[in-house]
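Asker:
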Amino acid sequence: MSGKQVVVFLGSVLILGCLQVAAATETDNKTSDFVATDEWQTIAEGQAIPRGLHVRINLQTGLKEAKLLDESERGTSLQSQPDDQNAREARDDNEPLALDYKPDIIEESIRRVKEQKKSYAELRKAYKEFQKNFRTDGELIVQLIDQFRNFSRTPLESEMRSKLDCLENLEYLLHQIDNALMFVDNGGLDDVLLPIVVNDTNPSLRVSAMRVLGSLASNNPKAQIKVFEKNFGSHLAQILTSSGNVGEISAALHAFGALLRKFPLAQQRVLSTSGTQALIKVLQSPDVELRSKAKVVTLISDLVLEKRSVLEASKDDPEASSTMAQYVLLDFESWLKTPGYCAALDTVLTKDFLLLLDQPEVVEQFATALETTEDMCTSTWSQSSGLRHALLTVRNRYANSTDEYRLEVSQILAKLCERLFNKPKHTEL
Numbered sequence: 010m011s012g013k014q015v016v017v018f019l020g021s022v023l024i025l026g027c028l029q030v031a032a033a034t035e036t037d038n039k040t041s042d043f044v045a046t047d048e049w050q051t052i053a054e055g056q057a058i059p060r061g062l063h064v065r066i067n068l069q070t071g072l073k074e075a076k077l078l079d080e081s082e083r084g085t086s087l088q089s090q091p092d093d094q095n096a097r098e099a100r101d102d103n104e105p106l107a108l109d110y111k112p113d114i115i116e117e118s119i120r121r122v123k124e125q126k127k128s129y130a131e132l133r134k135a136y137k138e139f140q141k142n143f144r145t146d147g148e149l150i151v152q153l154i155d156q157f158r159n160f161s162r163t164p165l166e167s168e169m170r171s172k173l174d175c176l177e178n179l180e181y182l183l184h185q186i187d188n189a190l191m192f193v194d195n196g197g198l199d200d201v202l203l204p205i206v207v208n209d210t211n212p213s214l215r216v217s218a219m220r221v222l223g224s225l226a227s228n229n230p231k232a233q234i235k236v237f238e239k240n241f242g243s244h245l246a247q248i249l250t251s252s253g254n255v256g257e258i259s260a261a262l263h264a265f266g267a268l269l270r271k272f273p274l275a276q277q278r279v280l281s282t283s284g285t286q287a288l289i290k291v292l293q294s295p296d297v298e299l300r301s302k303a304k305v306v307t308l309i310s311d312l313v314l315e316k317r318s319v320l321e322a323s324k325d326d327p328e329a330s331s332t333m334a335q336y337v338l339l340d341f342e343s344w345l346k347t348p349g350y351c352a353a354l355d356t357v358l359t360k361d362f363l364l365l366l367d368q369p370e371v372v373e374q375f376a377t378a379l380e381t382t383e384d385m386c387t388s389t390w391s392q393s394s395g396l397r398h399a400l401l402t403v404r405n406r407y408a409n410s411t412d413e414y415r416l417e418v419s420q421i422l423a424k425l426c427e428r429l430f431n432k433p434k435h436t437e438l
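Position 351 (the sequence shown) corresponds to 360 in my numbering; numbering is contiguous.
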């Protein structure tokens, strides 16, 4: 072998050795474990990395880099948030996660999209079903009236629950003014309420019907006029006079007050005849509970105050003369004194004052009524030793209470007693 051939052979061997070393180095880099530190390190092409690292692409070099997560970054790395629990459990904890291998994320995304499509379809179906069964308040009211018309004219026990449910729904719906007027315009007074209030003998139905009537007429002038025209005032007065049922009396008082408040024509027509006598009859009845009697005196007090406030306001408002003329016709003093209002209230408080010791709200109702009608009853009440004893007993009990409300009521009673029983006596010189 010549010297030239030897040189060529040695050069070839050297080049081949370098290539083998380079290939071995590259293979070693690909298969060697990536050891993460707190500093960014380049990830070799195809090199696997452990989970829980912060991975980025260096925008300057275009190479992938990784490092350990900082404390503030934990939970934000892609590798630290596998989406599918089953896939996570199936993998070996020691198996490194290739950067570009995320089939579990794709599968989870597809599954969620399918679920969303299914949920949307179910919502559309439910909405269509809702639209099919939806009824406006007006449609419900007409439906309930028609349902009542279809009930048997002969009272049947099997229909009782359905009738009570209808009335309960109407009581809720008719609080709104427009709903109440729709009920009236569709014959609800004639076909539903009037037959029950006037002719039905079932106490539960009568109570429910009068609650509906009270709901309908409360703060609704147009409905009040319609109720008044159907003569409900006289029918309610009859129930107050003759009924011994506590529920009926309470419901009748509610409807009676809803009809009369802020309606001077109804007050004049109803109270000047049987209305006032019915209220006094409730006060005089030994079978009526104290709370119902408190409702009676509260209604009387409210109507007296209503008249006073309108007359006071009309002095400064010439345009209110027509309204004032209606209230001027209301002669509450003669209507109340004739059937014995003053004596009846005196008797209630004298006999039942012990029951008031634990009912401060009822005491306040009676005290307000005493103040409001004091002018027309002073001659009777100021001479009543029983009334004085009752008021002072309740006042003293409340004055020693730690309850703020009872203390306020005791002060009201103290002022009332001062006016009624401690007036200065005049002597001739």
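Built from N, CA and C at the ideal position, the CB exists for glycine as well.
(1) Examine the Cβ distances between the segment 255-271 and the segment 235-245 and report whether three or more of them are shorter than 8 Å.
(2) Assuming A399 and T307 make a contact with CB atoms under 8 Å, what is their CB distance in whole Å?
(3) For the alpha helix (DSSP H) containing I66, name the first residue and the last one.
(4) Spatial neighbours of T250 within its chain, please: C-beta separation below 6 Å, excluding the five flanking residues on both sides.
(5) Can you tell me whether DSSP reads Q335 as helix, strand or coil?
(6) What does the alpha-carbon distance come out to for the pair F375 and T332?
(7) Skipping 5 residues on each side, what residues in its chain have a beta carbon closer than 8 Å to that of S171?
(8) Can you list, in chain order, the residues of its chain with a C-beta nearer than 6 Å to that of G223? Leave out the 5 residues immediately preceding and following it.
(9) Return the bridge partner residues of A75 from the DSSP annotation.
(10) What does the Cβ neighbour count give for G71, buried or exposed, with the cut at 16 atoms within 10 Å?
(11) Is D199 helix, strand or coil when you go by DSSP?
(12) By Cβ distance, which residues of its chain are closer than 6 Å to Q94, with the 5 residues on each side in sequence left out?
(13) Between V418 and the rest of its own chain, which residues show a CB-CB distance below 6 Å, the 5 nearest in sequence each way excluded?
(14) Report yes if the C-beta distance between D296 and G253 is below 7 Å; otherwise report no.
(15) Look at the Cβ atom of E180, then the Cβ atom of V236, and state whether they are nearer than 7 Å.
(16) Leaving out the 5 sequence neighbours to the left and right, which residues in its chain are closer than 6 Å to S310 when beta-carbon positions are compared?
(17) Between the beta-carbon of A353 and the beta-carbon of L292, is there less than 7 Å?
(18) Shortest alpha-carbon distance to N228 belongs to which of I154, H184, R415, S410?
(19) If you count every other CB in all the chains shown that lies within 10 Å of the CB of Y414, and 16 or more means buried, which is it?
(20) Following the continuous alpha helix (DSSP H) through N405, name the residue where it begins and the one where it ends.
(21) Quick one: residues in its chain with C-beta nearer than 8 Å to the C-beta of L345, no 5 flanking neighbours on either side, listed in chain order?
(22) Do A232 and A226 have their beta-carbon atoms positioned less than 7 Å apart in this structure?
(23) According to DSSP, simplified to helix, strand and coil, what is Q152?
(24) Determine the burial state of A474: buried for a count of at least 16 other Cβ atoms within 10 Å of its Cβ, exposed for fewer.
(25) Does the distance from the CB of L416 to the CB of R404 come in under 7 Å?
(26) Helix, strand or coil for S224 per DSSP?
(27) Which of the three DSSP states is assigned to F272 in this structure?
(28) What is the DSSP secondary structure of R144, reduced to helix, strand or coil?
(29) Whole angstroms is fine: what's the gap from R158's alpha carbon to L165's?
(30) Please list, in chain order, all residues of the same chain as V206 whose beta carbon is under 6 Å from its beta carbon, the five residues on each side excluded.
(31) Can you list, in chain order, the residues of its chain with a C-beta nearer than 7 Å to that of V439? Leave out the 5 residues immediately preceding and following it.
(32) Using the rule of at least 16 other Cβ atoms within 10 Å of the residue's Cβ for burial, across every protein chain shown, is G197 buried or exposed?
(33) Is it buried or exposed, R97, if we count other Cβ atoms within 10 angstroms and call 16 or more buried?
(34) If we ignore side chains and look at the alpha-carbon of each, how far apart do V44 and N67 end up?
(35) Where does the unbroken alpha helix (DSSP H) through D361 begin, and where does it stop?
Answerer: According to the structure shown:
(1) yes
(2) Actually they do not touch by this definition, with Cβ atoms about 18 Å apart.
(3) Per DSSP, I66 belongs to no alpha helix (DSSP H); it is in the beta strand (DSSP E), 62-66.
(4) A287, K290
(5) If DSSP states are grouped into helix, strand and coil, Q335 belongs with the helices.
(6) 29 Å
(7) Q156, F160
(8) H263, A264, A267
(9) Per DSSP, the beta-bridge partners of A75 are Q50, V64.
(10) exposed
(11) helix
(12) A caution first: Q94 carries a pLDDT of 49, below 50, which makes its placement in the model unreliable, though a value can still be read off. Within the same chain, Q94 has no close Cβ partners at all.
(13) P369, V372, E373, Y407
(14) yes
(15) For E180 and V236, no; Cβs fall outside 7 Å.
(16) T377, A378, T381
(17) yes
(18) H184
(19) Exposed.
(20) 394-408
(21) T285, I289, I309, C351, T382, M385
(22) yes
(23) helix
(24) The chain is shown from 10 up to 438; residue 474 falls before or after that span and cannot be answered.
(25) no
(26) helix
(27) coil
(28) coil
(29) 14 Å
(30) A218, H244
(31) The displayed coordinates of the chain run from 10 to 438. Any statement about residue 439 would go beyond what the structure contains.
(32) buried
(33) Only weak support exists for where R97 lies, its pLDDT of 49 falling under 50; the value from the coordinates is given anyway. R97 is exposed by the Cβ-count criterion.
(34) 18 Å
(35) 350-361
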